[in-house]
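See below for the structure under consideration.
Structural data, given as structure tokens:
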């Protein structure tokens with residue numbers, strides 16, 4: 001393929017045909033500011049901050065949507081370009097509350113960054129502001145249209161990645177707003193609370209519901225026994241909040257930090273991830289052996305659960321009845337742990353640190369009270385915990401490495417890989433294989449189900465039966481798999497679905513920014529943690545074995561069903 | 001076929017409908033019936049004849065007598081006198097406003113005399129619901145010619161040679177557009193008619209659809225043949241119910257006659273047309289927004305390129321032309337490109353339809369050769385400014401066009417000359433302003449419209465036009481500040497150069513062109529807190545002429561702010577601190593004692 005030659009700021013650049021000016025400029029080391037642009041997902045030329053001057057063109061053109069042409073002469077830094085970009089930014093700022101100092105995205109806001117870079121000295125254009133109010137109807141996501149710059153990145157992610165379209169552009173002109181259809185409150189529509197919108201929002205127009213105050217209050221309450229669980233994905237991402245490289249493994253520092261905050265016990269969701277494998281693996285084997293409904297589909301991801309309830313209610317019987325590891329933990333903390341330690345469960349306050357905004361919704365579901373109490377009291381996202389640590393003045397990097405508390409902090413490598421797409425599947429296969437065949441697995445790494453491919457398929461020989469499995473992450477990919485199942489184009493025995501791209505490491509509560517490069521680094525870190533664990537199969541977890549021995553009996557026992565399993569609710573599509 | 005000795009054409013354009021043509025027509029038909037003339041006289045409802053301020057109008061053939069401003073009783077008189085007894089009813093004829101001279105037939109009236117009708121060749125002449133009448137005026141002959149004796153390349157060449165440019169606003173060469181689509185890879189291809197006419201006051205597209213729908217269908221089929229498309233869509237706004245109705249009927253009839261559908265004229269070429277009704281957003285007249293709307297998505301423009309000719313409807317090559325452009329196609333095919341190119345200016349060929357409105361004697365639709373001067377359109381065809389007032393400016397191109405002051409009245413109107421003056425051709429709206437118009441207020445009015453119709457996608461248009469409007473509003477309220485003009489210019493130029501689509505890029509025109517040509521009016525508002533035209537209320541200073549005031553106290557009584565005081569039978573005075581500038585006192589004073597400074 002012959003290359004196109006163009007001139008950018010006086011220097012010749014050669015790029016393949018079809019390249020945008022923006023990409024060509026990046027290749028040439030020329031930075032063009034962008035706001036609405038989101039690679040491959042949102043290429044709409046709406047914000048007009050990437051304007052450049054192309055000789056011969058009638059007006060300035062948006063670099064993100066304009067393809068290069070042979071002999072094109074581009075100026076990215078002419079007075080006209082600088083003036084236009086600055087004016088457009090000033091216009092955006094004239095309709096943006098000047099609340100930077102108190103804003104949740106202070107120092108991580110792209111608009112703020114652009115204002116600094118483009119040098120808007122003064123906002124001369126004061127006037128009417130966007131007429132919409134904050135929507136706090138959702139347990140997970142706060143919409144603040146006042147801060148919205150209408151880049152539509154959230155809309156693109158919700159529609160194109162997740163296939164949900166809970167939010168879209170409504171009204172027009174100055175009254176344009178991103179909101180659910182007919183401006184309905186977000187908490188009352190088919191939003192699955194995944195929070196992917198909050199990851200791509202350049203400002204604080206969409207952000208997680210902040211519940212740190214509840215945790216501060218519990219920590220300060222001497223009557224409360226406050227325990228915390230950390231999801232697998234948090235240990236490979238929270239370092240980013242403190243300037244560490246994506247993919248830095250900070251498990252020990254995370255534990256130390258939580259102790260510094262004053263939690264009475266620091267436990268690990270990986271423990272109940274192992275437990276989930278015991279229950280779900282047994283469920284799979286049970287369904288396989290007894291002609292139960294197949295394929296069995298995983299149920300760890302609360303965004304995915306709400307999605308299937310809205311969009312594929314007919315497939316609800318296919319879902320595993322297992323609660324998610326977070327919810328199993330909450331239940332056990334207020335039953336097994338309370339009993340074992342002799343603490344009145346009324347006094348136990350369970351906090352979860354999750355990479356996920358949907359977990360907030362999950363913890364509040366009416367059925368999540370099988371301990372006799374609200375199983376999980378507060379869910380904090382990775383971002384919220386990061387903010388708490390900063391408020392507490394904890395110097396994260398210099399913390400020592402500490403270990404989780406026993407017994408609910410003991411886990412295997414199978415538990416930690418729950419944090420990456422394919423991880424639940426791999427953990428289940430490790431255990432199911434050994435339970436069914438009675439043989440020891442030679443290689444524990446099921447490479448076919450790992451990685452960022454949208455839909456992954458594999459086939460595993462399980463004592464003579466070919467077990468066909470599929471793994472999907474991102475609800476758009478989930479749709480593909482489900483449609484193939486519904487249309488009988490594909491037959492599977494077991495499907496893992498994670499709501500967010502990359503799995504939980506790419507969850508909606510994770511530090512921003514997130515892109516595929518960052519997702520890949522976090523995933524690599526997850527598998528590194530797995531490799532370094534002395535035990536890597538859930539059924540070998542001694543604390544889980546003790547739990548069955550002392551409390552539950554066996555997987556799928558009556559008590560297990562009572563405490564660790566749940567049911568689902570068909571919901572309207574809209 | 002039945003033969004009649006007389007035909008009465010009743011204009012049933014929307015203008016005449018709203019001035020009561022249906023009642024006139026009924027009265028006429030009843031009288032004809034009563035007089036036993038039913039077999040001798042035929043009443044035909046036509047599309048718009050053009051002179052809307054004269055409506056309801058009718059023309060009686062074979063003489064071609066033109067009657068205007070008719071009431072039902074007038075229709076009875078015409079039936080009894082003219083149709084029965086053969087006597088023209090003098091008092092219902094047109095009289096020129098300048099000299100009172102009576103015109104019997106329409107070709108004696110300047111309004112019609114100076115027009116060249118190509119796009120409007122059939123409107124007001126045929127019954128738009130009759131395909132036979134269209135065929136009788138050479139309808140579908142061009143399609144026949146194209147399908148039986150021309151190659152697609154020859155058709156495109158013919159349109160290219162004619163020099164026809166898009167009549168929707170931007171003036172892109174039509175033949176070139178067809179050629180791009182014909183050569184673009186991708187199938188199927190589509191032909192789209194943009195009938196989303198949105199400029200307030202412009203109604204040429206509606207008139208063509210209502211008065212001559214087949215001309216558009218025929219042209220779309222010709223284009224379909226030229227580019228290799230078999231499906232066409234007409235996107236028409238829901239506010240045009242009559243156009244939708246007549247177009248639907250025309251499509252039905254054309255299918256019935258084998259002029260649309262499979263194997264047209266037995267040539268193996270198939271082409272069909274469907275209607276898509278739009279909800280009336282102004283921005284849906286922008287071609288990419290229109291296509292998005294047809295696809296069922298939010299009507300918003302997207303960046304171009306790719307142009308619709310390459311990637312249009314559902315990503316396929318699509319020719320999209322506006323109604324008036326389509327209406328020009330059949331005559332070009334029949335009479336040849338040389339004929340068409342002989343009309344107009346060097347770069348703008350053919351004619352343009354203008355919707356003449358505002359402070360001008362004859363309002364309505366006029367079609368004139370490109371290059372006609374504004375003076376000819378406004379004074380010769382339009383009959384000048386009413387009430388002996390001075391012409392001040394003309395707004396061309398609709399709300400996002402620009403205004404042209406009196407000193408350019410003799411500039412020949414074409415795409416290039418208007419752009420040079422800071423205005424645009426647009427779809428042909430032409431609003432005339434007299435000396436009583438405040439140019440700042442005018443800019444505010446148009447800006448309010450475009451601001452309201454912004455789709456909200458790109459930031460300069462969404463927020464920029466709002467901020468401009470806020471500044472202009474402030475100026476008209478008397479709160480203008482030093483630097484406002486310069487800020488408006490900066491914003492205007494910024495929006496022009498950076499907005500995503502044509503609407504945004506032209507949205508600042510009303511402000512920029514009024515600043516350019518009437519800067520002193522802005523200065524008067526800002527620095528002297530005066531509105532020279534006496535329009536901006538907040539800038540009025542009311543005063544009482546002591547000589548004329550006899551102290552009746554009426555003004556004090558009606559003043560809502562209690563700003564007027566004075567002893568009975570003695571001159572009153574106004575407290576300007578309290579005065580709200582509402583003007584009620586001036587309205588109510590019987591002695592003309594209250595005036596503004």
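Residue numbers (UniProt numbering), protein chains in the order written: chain Z, 1 to 574; chain B, 1 to 597. Backbone N, C-alpha and C fix where the C-beta goes; we use that ideal spot for every residue, glycine too.
In this structure, DSSP gives residue 503 of chain Z a state outside helix and strand, which the three-state scheme calls coil. With the criterion set as a beta carbon lying under 8 angstroms from some beta carbon of chain B, the members of the stretch 109-127 of chain Z are 124, 125, 127, in sequence order. Residue range 73-75 is occupied by the beta strand (DSSP E) that includes residue 75 of chain Z. Looking at the backbone, the Cα of residue 328 of chain Z and that of residue 563 of chain Z are separated by about 7 angstroms. Taking 9 angstroms as the upper bound on Cβ-Cβ separation, chain Z lies near residues 281, 283 of the stretch 279-291 of chain B.
If you look at residue 61 of chain B, you'll find it in the beta strand (DSSP E) that goes 58-61.
Note that the C-beta distance between residue 130 of chain Z and residue 177 of chain Z is below 9 angstroms. At least one C-beta of chain B is nearer than 9 angstroms to the C-beta of residue 149 of chain Z. Contact between the stretch 398-408 of chain B and the stretch 356-364 of chain B is absent, with fewer than three C-beta pairs closer than 8 angstroms.
Closest by C-alpha distance to residue 325 of chain B, out of B/30, B/567, B/428, B/525, is B/428. With 16 or more other Cβ atoms inside 10 Å of its own Cβ, residue 327 of chain B counts as buried. Here residue 265 of chain Z is bridged, per DSSP, to Z/227. If you ignore the 5 residues before and after residue 27 of chain Z, its C-beta comes within less than 7 angstroms of the C-beta of 13, 15, all in its own chain and listed in chain order.
One finds nothing in chain B with a Cβ atom closer than 7 angstroms to the Cβ of residue 34 of chain Z; even the nearest lies about 13 angstroms away. Contact annotation: residue 161 of chain B and residue 179 of chain B have beta-carbon atoms that are not nearer than 9 angstroms.
Listed along the chain, the chain Z residues whose CB falls inside 8 angstroms of the CB of residue 500 of chain B are 45, 46, 48, 62. When C-beta atoms of the stretch 446-456 of chain B are compared with those of the stretch 103-112 of chain Z, fewer than three pairs fall below 8 angstroms, so the two segments do not count as touching.
When DSSP assignments are scanned along the stretch 122-197 of chain Z, the uninterrupted stretches of beta strand (DSSP E) that are 3 or more residues long and fall wholly within it turn out to be 141-143, 168-170, 177-179. Considered as a whole, the stretch 139-199 of chain B harbours 189-195 as its complete beta strand (DSSP E) runs of no fewer than 3 residues, in chain order. Under the three-state reduction of DSSP output, residue 265 of chain B falls in the coil class, being neither helix nor strand. According to DSSP, residue pairing for residue 235 of chain B in a beta bridge involves B/194, B/276. Beta bridge pairing from DSSP links residue 322 of chain Z with Z/565. Residue Z/112 holds the alpha-carbon nearest to the alpha-carbon of residue 34 of chain Z among Z/3, Z/10, Z/112.
Around the beta-carbon of residue 574 of chain Z, fewer than 16 other beta-carbon atoms lie within 10 Å, marking it exposed. Between residue 452 of chain B and chain Z, the shortest Cβ-Cβ separation is below 9 angstroms.
Beta-bridge analysis with DSSP links residue 573 of chain B to B/565.
The beta carbon of residue 559 of chain Z sits closer than 8 angstroms to those of 551, 552, 553, all from its chain and outside the five residues before and after it, given in chain order.
Annotation: the continuous alpha helix (DSSP H) that includes residue 310 of chain Z extends over 302-311. Put simply, the backbone Cα of residue 52 of chain Z is about 14 angstroms away from that of residue 303 of chain B. Under the 10 Å beta carbon count, residue 182 of chain Z is surrounded by fewer than 16 other beta carbons and is classified as exposed. Residues 8, 9, 25, 30, 32, 52 of the same chain have their beta carbon placed closer than 7 angstroms to that of residue 76 of chain Z, with the five preceding and five following residues left out of the count. Looking at the DSSP output, residue 42 of chain Z sits in a beta bridge with Z/38. The C-alpha of residue 425 of chain Z is placed about 15 angstroms away from the C-alpha of residue 454 of chain Z. Between residue 564 of chain B and residue 351 of chain B, the beta carbon gap of about 57 angstroms keeps them out of contact (Cβ cut-off 8 angstroms). Taking the Cα positions, residue 420 of chain B is about 19 angstroms away from residue 504 of chain B. In the three-state reduction of the DSSP assignment, residue 340 of chain Z falls in the helix class, which pools H, G and I.
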